[in-house]
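Asks:
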Amino acid sequence: MVKPSKEDLIVEISALLEIPAMKVSTGSTEPKELFIAISDVLGLSVSSKLTKPEMAQQIVEFAGGVWTTDCESSGGTVTHLGLERVRDAVSFFTKRETGGGSAK
2 MVKPSKEDLI VEISALLEIP AMKVSTGSTE PKELFIAISD VLGLSVSSKL TKPEMAQQIV
62 EFAGGVWTTD CESSGGTVTH LGLERVRDAV SFFTKRETGG GSAK
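For the sequence shown, position 96 matches number 97 in the numbering used here, and the numbering has no gaps at all.
(1) Determine contact between the stretch 48-66 and the stretch 10-29, defined as no fewer than three beta-carbon pairs at a distance below 8 Å.
(2) Out of curiosity, what's the CA-to-CA distance linking T95 and G65?
(3) Which runs of the alpha helix (DSSP H) spanning at least 4 residues fall entirely within the stretch 31-65, listed in chain order?
(4) Can you tell me whether E19 is helix, strand or coil according to DSSP?
(5) I need the straight-line Cα distance from E13 to E85, nearest angstrom please.
Okay, here's the thing in C-alpha cells:
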C-alpha cells in the first residue's frame with residue numbers, strides 16, 4: 002500500500018470536515034489555516050496563537066491520541082506522522098472512517 006502524501010492527508014481531513022481542501026506550500030508545508038479550521042469546525046477552542054505543532058498536538062490529545070517528538074519538525078511544521086495523527090483525531094471526532102490508524 003502506498004503511503005498517502007501530506008497533501009493527500011490534508012484532502013482527507015478536509016473531506017472529513019466537509020470543507021474545501023487547502024493547498025500545501027513549498028516543501029509540503031501544511032497551512033496553519035488547516036488547524037484553525039479543524040478547531041473551528043469541531044469546536045475545540047484551540048488557540049490560533051499557538052504554533053502549528055502545538056495546535057496539532059492539542060487536536061490529537063483532545064481525541065485521546067498520543068503526540069510524540071517525531072510528530073513535528075525543528076522547522077515549526079507538522080511531520081507526516083503528526084498529520085496522520087491529526088487526521089485520525091478528526092476522524093474520531095467526526096466518527097468517519099479513514100484509511101489510517103495511527104492516533105494512538
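Just so you know, even glycine gets a beta-carbon here, dropped at the ideal spot from N, CA and C. All values derive from a computational prediction rather than experimental measurement.
Replies: Inspection of the coordinates gives the following:
(1) no
(2) For the purposes of this step, residue 95 is identified with residue 94 of the sequence shown, where counting begins at 1. For the purposes of this step, residue 65 is identified with residue 64 of the sequence shown, where counting begins at 1. Their Cα atoms are separated by approximately 14 Å.
(3) 33-43 and 53-63
(4) As a first step, residue 19 is located in the sequence shown; it is residue number 18 there, counting from the start. Here E19 sits in coil by DSSP.
(5) Taking the sequence shown and counting its residues from 1, the one referred to as residue 13 is at position 12. Taking the sequence shown and counting its residues from 1, the one referred to as residue 85 is at position 84. If I take the Cα positions, the gap works out to 10 Å.
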